[in-house]
Each structure stands twice: as C-alpha cells, then as structure tokens.
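Colleague:
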Ligand code: G2H
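In our numbering, the protein residues as written are 35 to 283.
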C-alpha cells in the first residue's frame, strides 16, 4: 500500500512572518494522518517552519536545489543545506522552473541523483503544455520527461521517489484535468517507470497530481487508482483550504 502524500508548494509566497503564522495555523488544526503532509515554503523560511513542525507529523520540503554540495554557485542552495534545516523532500523540475528558469531534463536528473545521495526524497514534476495536450503529443512528452529524470538511478532509488503530474495548462489557471485525464497520465508514468526500473519500483513510486487542486476536487482525485496524492499550490496558502484538502473524504 502506498501512503498518500499531500504537499503544499507555497511557491514565491509568504515572507518569514507569514510563513511562521501559516505554519502555526496548520499546526493548530486537526489534520488527518492517513497522508504524509509536506510543507514546501520558500528557502528563507525553511528553518523557521522546520522548527515549528519539529514535534508534529508534518514534513518539510524545499522547492528546488542545486546538485553540488558547495562551491561558487551564487544564489544556489545545496542538498546539505536543505538537510541541515530538516528537509526530507525537494520538489524538482517544477514546470515554472522548466519554463521560467531554463531547468532542463539533464539538470533535473542530476538534482534527483544528488537528492537521493543526500537522503532527500525528490518530488519530480512532469507535465505537458496545452498545445501538446491538444495535438495529442502528451504521451511521448511525459514518457521522455520521466525517462530523462531517472537516468542512472537504481531500481531501489526509483522505488523511493515521488513523481508529480502537473499539466501546465491546469496550473494556477483554475482549470483542472478531469480525474480520468489525470489518472491516465499517472498510469502512463507508472508504466514508463516499470519499463525502466521494473514492476516493484513502479508499484512503490508515489505519483501525485498537481494543478488547481482544491477542497472541492481532492476527493475525486484521491479516489483514482493511480493518483497517490496532490501537489497543492494556491490552496496551500490558506490554512483552512489546505486543512480541507488534507482531510479529504
Ligand atoms: C501546480 C500547483 C502546485 P496550483 O503548480 O505545484 O499549483 O495548485 O496553484 O495550480
């Protein structure tokens, strides 16, 4: 049985004060424990959020990282920096990074390898554009992103990681993929992983859906057989909404 994951991707939102406040609001709520709940605040708030969730079931994740441990990489954050503040997860290859910050498949792969080498669980994002969806090119695109991200990872490593399917056309737009569309792509991701790393790894990998997840669509998404959780953006910024997503029926 795969344990579900609900991860809040705060993106470039919340200053330190609001990040602490939002964390405290969440800590004060009754949150179901059937899913692992991960908070991914901006880098500058990781330590403070980490301190506030240290004695709770909530987990800490980062939104990106560099693959090197240290060095002359101005503006970057390393895996050891993330683990030093209690991070257990790191989002890699989010479409906003791919589209706005020149993140490439080879870099996502290097980052995934480095994360695993440092005991961090990567949450690797893949997803197609509206054009690729409309022109029926999404299968090839998703397969290629998954294969590129997992190059040189062992089956044991692949089994531990988390994938996230985020259709670019559904991110922050209010449009959600239908449950059937989302489940179909998550199944394709699992089948692709099976061809690379075998049946056991494919069955173990947790695959999240992301893209305008809200309290009113989470239950239907979670009922789909290939969807193991959600990567939540906008709705993770309000404690009531995020708690309602975590406490899905
Ligand atoms: C997709 C998602 C979280 P939102 O980017 O990663 O954001 O829920 O705002 O569409």
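Think of the CB as a built atom: it goes at the ideal place given N, C-alpha and C, for glycine as much as any other residue.
Treat the numbers as computed from the prediction; the structure is a model and nothing was measured.
1) Specify the secondary structure class of residue 259 as computed by DSSP and reduced to three states.
2) Report the three-state DSSP secondary structure of residue 137 (helix, strand or coil).
3) So does the region 167 to 181 actually touch the region 106 to 122, counting three or more Cβ pairs closer than 8 angstroms?
4) Among 50, 86, 91, which one has its Cα closest to the Cα of residue 280?
5) Using only the alpha-carbon positions, how far apart do residue 56 and residue 247 sit?
6) Return the residue from the list 101, 98, 197, 239 that minimises the CA-CA distance to residue 265.
7) Can you have a look at residue 200 and say buried or exposed, based on whether 16 or more other CB atoms are within 10 angstroms of its CB?
8) Closer than 6 angstroms by C-beta to residue 59: which residues in its own chain qualify, once you throw out the five before and the five after it? Chain order, please.
9) When the Cα atoms are used, what is the spatial distance from residue 62 to residue 229?
10) Tell me, which residues are paired with residue 235 by DSSP?
11) Just the Cα atoms here: how many angstroms apart are residue 252 and residue 243?
12) Quick one: grab the DSSP three-state call for residue 50.
13) How is residue 197 classed by DSSP in three states: helix, strand or coil?
14) Please determine, among 238, 240, 50, 271, the residue with the shortest C-alpha to C-alpha distance to residue 249.
15) Locate the beta strand (DSSP E) running through residue 95, then write down its first and last residues.
16) Closest Cβ-Cβ distance between residue 141 and chain C: below 8 angstroms?
Modeller: Quick look at the numbers:
1) Counting from 1 along the chain shown, the entry for residue 259 is found at position 225. DSSP places residue 259 in coil when its eight states are reduced to three.
2) As a first step, residue 137 is located in the chain shown; it is residue number 103 there, counting from the start. Of the three classes helix, strand and coil, the one that applies to residue 137 here is coil, per DSSP.
3) no
4) Taking the chain shown and counting its residues from 1, the one referred to as residue 280 is at position 246. Residue 280 has its Cα closest to that of 91, out of 50, 86, 91.
5) The residue given as residue 56 occupies position 22 in the chain shown. The residue given as residue 247 occupies position 213 in the chain shown. Straight-line Cα distance between these residues: approximately 19 angstroms.
6) Locating residue 265 in the chain shown gives position 231, counting from the first residue. The candidate whose alpha carbon is nearest that of residue 265 is 197.
7) Walking along the chain shown from the start, residue 200 turns up at place 166. Buried, since its Cβ has 16 or more Cβ neighbours within 10 Å.
8) One-based indexing of the chain shown puts residue 59 at position 25. These residues qualify, in order along the chain: 273.
9) Indexing the chain shown from 1 puts residue 62 at position 28. Indexing the chain shown from 1 puts residue 229 at position 195. One C-alpha to the other measures close to 44 angstroms.
10) By 1-based counting over the chain shown, the position of residue 235 is 201. BP columns for residue 235 are empty, so no partner.
11) Within the chain shown, numbered from 1, the residue matching residue 252 stands at position 218. Within the chain shown, numbered from 1, the residue matching residue 243 stands at position 209. For residue 252 and residue 243, the distance between alpha carbons rounds to 10 angstroms.
12) Here residue 50 is taken as the residue at index 16 of the chain shown, counted from 1. Note: residue 50 maps to helix in three-state DSSP.
13) Locating residue 197 in the chain shown gives position 163, counting from the first residue. It is a strand residue.
14) If you number the chain shown from 1, residue 249 lands on position 215. The candidate whose alpha carbon is nearest that of residue 249 is 271.
15) The residue labelled residue 95 in the question sits at position 61 within the chain shown. Its beta strand (DSSP E) spans residues 93 to 96.
16) The structure shown has no chain C; it contains just one protein chain.
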